[in-house]
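Visitor: Residue numbers (our numbering), protein chains in the order written: chain A, 530 to 862; chain B, 13 to 435. Even for Gly, the Cβ is constructed at its ideal location relative to N, Cα and C.
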Amino acid sequence: MNWHSIFSVSLESIIGSTTIAYALAAIGLNVHFGYTGLLNFGQSAFLGVGAYGMAITVSTFDLPLWLGIIIGLAGAVVLALLLGIPTLRLRADYLAIVTIAAAEIIRLFYRATGLRKWTGASDGLQSFSQDFYDLNPFAGSKGINLFGDLITFTDRELWILVVGWTLVLLSCLVVFLLMRSPWGRVLKAIREDEDAVRSLGKNVFSYKMQSLVLGGVIGCLGGFVFGLDRAAIQPDTYGTEFTFFAYTIVILGGAARVFGPVVGASIFWVLLVFIDSTLSEASNDHVFPQWLMTTSQAGSVRYILVGLGLVLLLIYRPQGIFGDKREVMLDVR
Amino acid sequence: MLTAFLACVMLSFGIGATSAWAAGEALQGTLTNNGAPVPGVKIKAFSQDGAAVGEATSDDQGKWKIPVPAAGPYKVDLDVSSLPPGVTVTNGRPSLTPTVADGQERNVLFPLGGGAAVPGQNQPSAPTSGKLDRVADLLYSGIHFSLIIALAALGISLIFGTTGLTNFAHGEMVTFGALITFLFNVTLGLPLVISGVISVIVGAGVGYLQDRTFWGWLRKRRTNLVTMMIISIGLSLALRYLFLYFFGGESRAFSDYNAQAGHQYGPFLIAPKNLICDVIAIVALTAVSLALVMTRLGKATRAVADNPALAAASGINVDRIIRLVWTIGGALASLSGVILGAFQNVGYQMGFQILLLVFAAVTLGGFGTAWGALLGSLVIGLFIQFSTLWIPTELKTVGALGVLIVILLFRPQGILGRRARIG
């Protein structure tokens, strides 16, 4: 068992790029679910649209990266409108079914062999991130090396961390300011009692739509970070599991809390990476007997744990770590 | 033999992610003549631009396989001169151009006959009869698939009707049914029919216990419905990967009736096992639907669905009814898994893959109505199959889910639903 590498990857994931991408996805989801009470189960689609919008523009059509980012953002807005128009007038679980279906539709399109020319089908797309790394002010430096090789980030990783955490903090600031404003109070009121808000003359549909767009755009930023960090995108990254992870993060950190999703993402990924790498090291070294756990089985344990974790959190502590009992739409006792 | 012989006729039902676990793209098939394997036949594959990709010779079981470098269309030629004397390709087409999807091991079918049919004789009428055969195939496989969906949809719809829970873990009950059957049939070696019966009983038991120990307890804690729905999503995730943990990622077949040859019933070429499955499914669906309408318990169930408080006040034991609904739902889901497994092999996410289609069917028919679930399933099943006439097979799920979204735009309560349920 190589404990050094286990602790190293676990500690790095406190602020790592995966954590950033999930934190952004969760901040967006928090706007939907935590503040407005919208059951969006297609958050992965917003990240996918962002990442693919950027990658297709740059890698398929050879256009500049800034244009790709604009197209990605526009894609997220359009997706939010398309999802919202049929469902936002209906009961909450219809939105859940439609968003999860839409996310699958979009993923199947990314995979479709007929569209290989543009999307690369199941191979995904590469070579779209050069413009981004050309801007790297840390290029050529040694990056970060703390505690004697325990936490190391290369110059490339450092650049994505700086950009990523800037985006996270900006998104948090936007959410904080908006939720203090009258606009944010209307959103929270919609979560508590839609009919009461309607009777006060507010256009509930329009507010929900604005919330869906805002959260989708924030999630889409996570898609950029995810794609640029790996310098490659693949359709199956943006499957339903992504959304379920983001939900677990929101509920773990505490819904309707500005920093809840960020702290939730850090804790979630540290735990998950620690368990994952410990199990895979253990099964590689045959610590467990072969009938109990093989290396390929070790990979599925994380999903089982996330699923169980989500169930237990919802039953015993739906407000998560930092949530306020009065503010969570899930019933708390 | 893992891949059913008929898969290429019936168009396999892989839904996107199925292929994620497959090793690589390949063309494969099994050559049989009246049930006997035909070894030593040479088959060559060419890419679209005519370059040779590989060749294979069928082995003692008549099987052949040519790995191909990437997804896409290929030309597959069967060397007619290497066939045993007197044996011919009955439809007179020894050269086919199948399209391999990503990660797919595409089955290519060369129907062989004992020299009875002379190639060329069928040629003039081939194009029209080919089209008709295709439509007949799609019609039958659409009905077959919609029965599989309907079994799961009826359970979801009844559970939603009586408890208000949108159960995302229902797909895992379908997978569970198939896995239990696999356990008894393949691991323990019991016949498929007995394993299927055991699986339905176990499924009913699990449905009962699930409500007895878990959902009933949550209801008693007055957990709200949104929370319960997210709990069911967490449960579905945990169960799905628990299945992966124990079953593994590849899809495997039951040990009986695998490569059952089709029988010609009028224009339909149907494997008898599928026909028997259909009869069982129709009997089960009719029995449950009639029981809902005709029996006292069925009346009580509808009363609970309509207004639980009023039902309780008039002396109906609401908890007992809900437990009964879960039991029936579990049994139907298991049956659906058994039939799906016999039709397209057993995999750890087979239930999750049809779950969205089941939701589409239930929404289309109208949430909480039993007849609506059946009608919606029929529409979705047929729509999925017939859409492959115009769109690529790998995108047929997209069509069905697209229909779901369009329906919600124009008639959100579904075909048979009531306005009051949606708002």
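(1) Roughly how many angstroms lie between the CA atoms of A/TYR845 and A/SER588, to the nearest whole one?
(2) Apply the 10 Å Cβ neighbour rule to B/MET241 and answer buried if 16 or more other Cβ atoms are within range, or exposed otherwise.
(3) Would you please verify whether the beta carbon of B/LEU204 is less than 8 Å from any beta carbon of chain A?
(4) B/GLU37: which of B/VAL112, B/LEU170, B/GLY189 sits nearest, CA to CA?
(5) For B/ALA250, which residues of its own chain have a beta-carbon under 8 Å away from its beta-carbon, when the five flanking residues on both sides are left out?
(6) Look at the alpha carbon of A/ARG759 and the alpha carbon of A/GLY643, and state the distance between them as a whole number of angstroms.
(7) Grab me the residues of B/ALA412's own chain with a C-beta within less than 8 Å of its C-beta, minus the 5 sequence neighbours each way, in chain order.
(8) Report the residues of the region 396-416 of chain B with a CB closer than 7 Å to any CB of chain A, ordered along the chain.
(9) In this structure, what does DSSP give as the bridge partners for B/GLU117?
(10) Tell me which same chain residues have a C-beta within less than 6 Å of the C-beta of A/PHE771, skipping the five on either side of it?
(11) To which residues does DSSP link B/ASN89 through a beta bridge?
(12) How about B/VAL238: is its C-beta nearer than 8 Å to some C-beta of chain A?
(13) Tell me whether A/LEU617 sits in a helix, a strand or coil according to DSSP, three-state version.
(14) Do you know offhand how far A/TYR767's Cα is from A/VAL792's?
(15) Assuming B/VAL337 and B/THR178 form a contact by the criterion Cβ under 8 Å, report the distance between their Cβ atoms to the nearest whole angstrom.
(16) Using a 10 Å radius around the Cβ and a threshold of 16 neighbouring Cβ atoms, would you call B/PHE355 buried or exposed?
(17) Are the beta-carbon atoms belonging to A/ALA761 and A/VAL857 less than 8 Å from one another?
(18) Considering only their Cβ atoms, is the gap separating A/VAL830 from A/LEU808 smaller than 8 Å?
(19) Pick out whichever of B/GLY261, B/ILE78, B/GLY378, B/ILE243 has its Cα sitting closest to the Cα of A/SER825.
(20) Counting only C-beta atoms, is A/GLN819 closer than 8 Å to chain B at any point?
(21) Spatial neighbours of B/LYS56 within its chain, please: C-beta separation below 6 Å, excluding the five flanking residues on both sides.
(22) Per DSSP, what kind of secondary structure is B/LEU281 in: helix, strand or coil?
(23) Can you grab the Cα-Cα spacing for the pair B/ALA317 / B/HIS182, in whole Å?
(24) In whole angstroms, what is the alpha-carbon distance linking A/LYS737 and B/THR239?
(25) If you draw a straight line from the C-alpha of A/ILE680 to the C-alpha of B/PHE194, how long is it?
(26) Please report the residue range of the beta strand (DSSP E) in which B/VAL50 lies.
(27) Can you tell me which of A/PRO847, A/ARG685, A/VAL704, A/ALA650 puts its alpha carbon nearest to the alpha carbon of B/GLU406?
(28) With DSSP as the reference, label B/SER31 as helix, strand or coil.
(29) Looking at the unbroken beta strand (DSSP E) that takes in A/LEU675, where does it start and where does it end?
(30) How long is the line joining the alpha carbons of B/LEU166 and B/VAL358, rounded to whole angstroms?
(31) Is the CB of B/MET185 under 8 Å away from at least one CB in chain A?
(32) For A/CYS701, which option in A/ASP660, A/LEU743, A/GLU721, A/ASP722 has the closest C-alpha, if you only look at C-alpha atoms?
(33) Considering only C-alpha positions, which residue in the set B/TRP383, B/SER326, B/ALA312, B/ARG264 is nearest to B/TYR360?
(34) In whole angstroms, give me the CA-to-CA distance for B/ARG433 and B/PHE379.
(35) Using a C-beta to C-beta distance shorter than 9 Å, which residues of chain A count as neighbours of B/GLY246?
(36) Once DSSP output is grouped into helix, strand and coil, what is the label at B/THR44?
Guide: Reading from the atomic positions:
(1) Walking along the first sequence from the start, residue 845 of chain A turns up at place 316. Walking along the first sequence from the start, residue 588 of chain A turns up at place 59. Distance between the alpha carbons of A/TYR845 and A/SER588 is about 47 Å.
(2) Numbered from 1 along the second sequence, position 229 holds the residue referred to as residue 241 of chain B. With 16 or more other Cβ atoms within 10 Å, it is buried.
(3) One-based indexing of the second sequence puts residue 204 of chain B at position 192. By this cut-off, B/LEU204 is not an interface position.
(4) Mapped onto the second sequence, residue 37 of chain B falls at position 25. Comparing Cα-Cα distances from B/GLU37 to each of B/VAL112, B/LEU170, B/GLY189, the minimum goes to B/VAL112.
(5) Working through the second sequence from its first residue, we reach residue 250 of chain B at position 238. Excluding sequence neighbours, B/ALA250 sits near nothing in its chain.
(6) The residue given as residue 759 of chain A occupies position 230 in the first sequence. The residue given as residue 643 of chain A occupies position 114 in the first sequence. Rounded to the nearest angstrom, the two C-alpha atoms are 25 Å apart.
(7) Along the second sequence, one-based indexing puts residue 412 of chain B at 400. These residues qualify, in order along the chain: LEU369, ALA372, ILE392, PHE395, ILE396, SER399.
(8) Listed by position, the residues of the region 396-416 of chain B near chain A (Cβ gap below 7 Å) are PRO404, GLU406, LEU407, THR409, VAL410, LEU413, GLY414, LEU416.
(9) Taking the second sequence and counting its residues from 1, the one referred to as residue 117 of chain B is at position 105. Beta-bridge pairing links B/GLU117 to B/ALA38.
(10) The count along the first sequence starts at 1 and reaches residue 771 of chain A at position 242. Excluding residues within five positions, the ones whose Cβ falls inside 6 Å are SER573.
(11) By one-based count along the second sequence, residue 89 of chain B stands at place 77. In the sequence on display, residue 89 of chain B carries Asp and not Asn. Beta-bridge pairing links B/ASP89 to B/LYS56, B/SER107.
(12) To locate residue 238 of chain B, count along the second sequence from 1; it is residue 226. Closer than 8 Å: yes.
(13) Counting from 1 along the first sequence, the entry for residue 617 of chain A is found at position 88. Here A/LEU617 sits in coil by DSSP.
(14) Counting from one through the first sequence, the residue named residue 767 of chain A turns up at place 238. Counting from one through the first sequence, the residue named residue 792 of chain A turns up at place 263. In a straight line, the C-alpha of A/TYR767 is about 22 Å away from that of A/VAL792.
(15) The sequence position of residue 337 of chain B within the second sequence is 325, counting from 1. The sequence position of residue 178 of chain B within the second sequence is 166, counting from 1. Rounded, the Cβ-Cβ distance is 14 Å, inconsistent with contact.
(16) Looking up residue 355 of chain B in the second sequence gives position 343. Label assigned to B/PHE355: buried.
(17) Sequence index remark: in the first sequence, residue 761 of chain A carries index 232 (1-based). Sequence index remark: in the first sequence, residue 857 of chain A carries index 328 (1-based). It is not a contact, given that the beta carbons lie outside the stated cut-off.
(18) Taking the first residue of the first sequence as position 1, residue 808 of chain A is located at position 279. Taking the first residue of the first sequence as position 1, residue 830 of chain A is located at position 301. For A/LEU808 and A/VAL830, yes; Cβs fall inside 8 Å.
(19) To locate residue 825 of chain A, count along the first sequence from 1; it is residue 296. With distances taken between Cα atoms, A/SER825 lies closest to B/GLY261.
(20) For this step, residue 819 of chain A is matched to residue 290 along the first sequence. False, the Cβ-Cβ gap to chain B never drops below 8 Å.
(21) Along the second sequence, one-based indexing puts residue 56 of chain B at 44. Around B/LYS56: GLU67, ASP89.
(22) Within the second sequence, the letter at position 269 stands for residue 281 of chain B. Looking at B/LEU281 - three-state DSSP - the assignment turns out to be strand.
(23) Stepping through the second sequence from its first residue, residue 317 of chain B is reached at position 305. Stepping through the second sequence from its first residue, residue 182 of chain B is reached at position 170. Rounded to the nearest angstrom, the two C-alpha atoms are 19 Å apart.
(24) Translated into positions along the first sequence, residue 737 of chain A becomes position 208. Translated into positions along the second sequence, residue 239 of chain B becomes position 227. Rounded to whole angstroms, A/LYS737 to B/THR239 spans 20 Å at the Cα level.
(25) Against the first sequence, residue 680 of chain A aligns to sequence position 151. Against the second sequence, residue 194 of chain B aligns to sequence position 182. About 47 Å.
(26) Taking the second sequence and counting its residues from 1, one reaches residue 50 of chain B at position 38. That residue, B/VAL50, is in no beta strand (DSSP E); it is neither H nor E in DSSP.
(27) The residue given as residue 406 of chain B occupies position 394 in the second sequence. Checked all of A/PRO847, A/ARG685, A/VAL704, A/ALA650; the closest Cα to B/GLU406 is A/ALA650.
(28) Residue numbering aside, residue 31 of chain B sits at position 19 when the second sequence is read from its first letter. Here the model assigns B/SER31 a pLDDT of 32, short of 50, so the residue's position is not dependable, and the following value carries that caveat. Correct three-state label for B/SER31: helix.
(29) In the first sequence, counting from the first residue as 1, residue 675 of chain A sits at position 146. Run containing A/LEU675: 673-675, per the beta strand (DSSP E) assignment.
(30) Residue mapping note: residue 166 of chain B aligns to position 154 of the second sequence, counting from 1. Residue mapping note: residue 358 of chain B aligns to position 346 of the second sequence, counting from 1. B/LEU166 and B/VAL358 have their C-alpha atoms roughly 22 Å apart.
(31) Position 173 of the second sequence, counted from the first residue, corresponds to residue 185 of chain B. Answer no: the Cβ-Cβ gap between B/MET185 and chain A never drops below 8 Å.
(32) Stepping through the first sequence from its first residue, residue 701 of chain A is reached at position 172. With distances taken between Cα atoms, A/CYS701 lies closest to A/LEU743.
(33) Position 348 of the second sequence, counting from 1, holds the residue named residue 360 of chain B. With distances taken between Cα atoms, B/TYR360 lies closest to B/ARG264.
(34) As a first step, residue 433 of chain B must be located in the second sequence, where it is residue number 421. As a first step, residue 379 of chain B must be located in the second sequence, where it is residue number 367. Here the model assigns B/ARG433 a pLDDT of 47, short of 50, so the residue's position is not dependable, and the following value carries that caveat. C-alpha of B/ARG433 to C-alpha of B/PHE379: approximately 8 Å in a straight line.
(35) Sequence index remark: in the second sequence, residue 246 of chain B carries index 234 (1-based). By Cβ distance, chain A contributes PHE773, TYR776, THR777, VAL835, GLY836, LEU837, GLY838, LEU839, VAL840, LEU841, LEU842, LEU843.
(36) In the second sequence, counting from the first residue as 1, residue 44 of chain B sits at position 32. B/THR44: strand per DSSP, three-state reduction.
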